[in-house]
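Asker: Residue numbers (my numbering): 2 to 190.
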Ligand code: GRF
């Protein structure tokens with residue numbers, strides 16, 4: 002399955018997918034100076050740079066991103082630390098074929114960039130990771146896969162973040178395999 006990956010940050014999930022041999026045919030970023038974009042350049046992955054300042058609206062940016070992914074014949078879009086919501090021209094073009102990885106057990110701690118910190122501060126016993134289908138509603142599309150991560154009594158933000166990321170490196174590939182089976186053999190009727 003041909004993946005188009007959207008990144009804005011560290012890009013460690015992008016790296017994980019690449020190292021596991023997934024077919025990454027396009028990487029798109031709104032932050033050309035982020036580490037994820039640097040990783041794409043260093044590894045010869047086709048990179049589309051879509052800084053918002055180059056476009057007059059969010060929709061115009063997303064039309065350009067959509068056209069780039071279509072040109073690369075992307076089957077599945079993976080938001081791996083992408084920090085913007087996609088607008089209608091993009092979501093409609095890839096309806097049901099965009100997934101996002103979020104560092105909590107949604108619907109808990111949804112809609113937040115600091116979901117791991119929030120879980121730690123809330124004093125709950127576990128958090129986790131979720132891969133879900135992206136709709137135009139933030140962190141609210143159908144869930145594809147989840148994995149719980151226990152919060153230990155003396156956990157620090159650093160230690161918990163590390164364990165959440167390790168869960169992400171398992172769950173995101175597993176969710177892609179699951180969707181690949183679903184897309185390859187669509188339900189009849
Ligand atoms: C991950 O924690 C993911 O759940 C969230 O953004 C982070 C991206 O990390 N959406 P990286 O850029 O893949 O290292």
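Glycine is no exception: its CB is placed at the ideal position from the N, C-alpha and C atoms.
Since the model is a prediction, treat every value here as computed from it, not as a measurement.
Helix, strand or coil: which one does DSSP assign to residue 1?
Answerer: What the structure shows of the chain is the stretch from 2 to 190, and residue 1 is not part of that stretch, so it cannot be assessed.
Asker: So what does residue 87 bridge to, in DSSP terms?
Answerer: Answer is none; residue 87 lacks a bridge partner.
Asker: Which two residues bound the contiguous beta strand (DSSP E) that contains residue 50?
Answerer: Run containing residue 50: 48–50, per the beta strand (DSSP E) assignment.
Asker: Compute the distance between the beta-carbons of residue 99 and residue 134, then report whether it is under 9 angstroms.
Answerer: A contact, by the Cβ cut-off of 9 angstroms.
Asker: In three-state terms, what does DSSP make of residue 152?
Answerer: Correct three-state label for residue 152: coil.
Asker: Just the Cα atoms here: how many angstroms apart are residue 157 and residue 119?
Answerer: Answer to the nearest angstrom: the Cα atoms are 12 angstroms apart.
Asker: Label residue 101 either buried or exposed according to how many other C-beta atoms from any shown protein chain fall within 10 Å of its C-beta, with 16 as the threshold for buried.
Answerer: Buried, by the Cβ-count rule.
Asker: For residue 103, which beta-bridge partners are listed by DSSP?
Answerer: According to DSSP, residue 103 bridges with 131.
Asker: Tell me, to the nearest whole angstrom, how far the beta carbon of residue 232 is from that of residue 37; I am working on the premise that it is less than 8 angstroms.
Answerer: Nothing can be reported for residue 232: it is not among the residues displayed for the chain, which extend from 2 to 190.
Asker: At 3 residues or longer, and completely inside the stretch 14–87: list those beta strand (DSSP E) runs for me, N to C.
Answerer: Listed in chain order, the complete beta strand (DSSP E) runs (minimum 3 residues) inside the stretch 14–87 are 25–30, 48–50, 77–80.
Asker: For residue 70 and residue 153, what's the separation of their Cα atoms in angstroms?
Answerer: Straight-line Cα distance between these residues: approximately 41 angstroms.
Asker: Does the stretch 65–82 touch the stretch 169–187, meaning 3 or more C-beta pairs lie closer than 8 angstroms?
Answerer: Touching, per the Cβ criterion.
Asker: Terminal residues of the continuous beta strand (DSSP E) containing residue 139?
Answerer: Neither: residue 139 is in no beta strand (DSSP E) and is coded neither H nor E.
Asker: Just to confirm the assignment, what range does the beta strand (DSSP E) spanning residue 8 have?
Answerer: Taken as a continuous stretch (DSSP letters only), the beta strand (DSSP E) holding residue 8 covers 4–8.
Asker: Please report the straight-line C-alpha distance between residue 95 and residue 64, rounded to a whole angstrom.
Answerer: Looking at the two C-alpha atoms, the distance is approximately 12 angstroms.
Asker: Relative to the C-alpha of residue 23, which candidate in 131, 149, 105, 14 has its C-alpha closest?
Answerer: If we check each option's Cα against that of residue 23, 14 comes out closest.
Asker: Using 8 angstroms as the cut-off, classify the Cβ of residue 133 as near or not near the heavy atoms of the ligand GRF, replying yes or no.
Answerer: Every heavy atom of the ligand GRF is 8 angstroms or more from the Cβ of residue 133, so no.
Asker: Please report the distance separating the alpha-carbon of residue 45 from that of residue 163.
Answerer: Cα-Cα distance, rounded: 27 angstroms.
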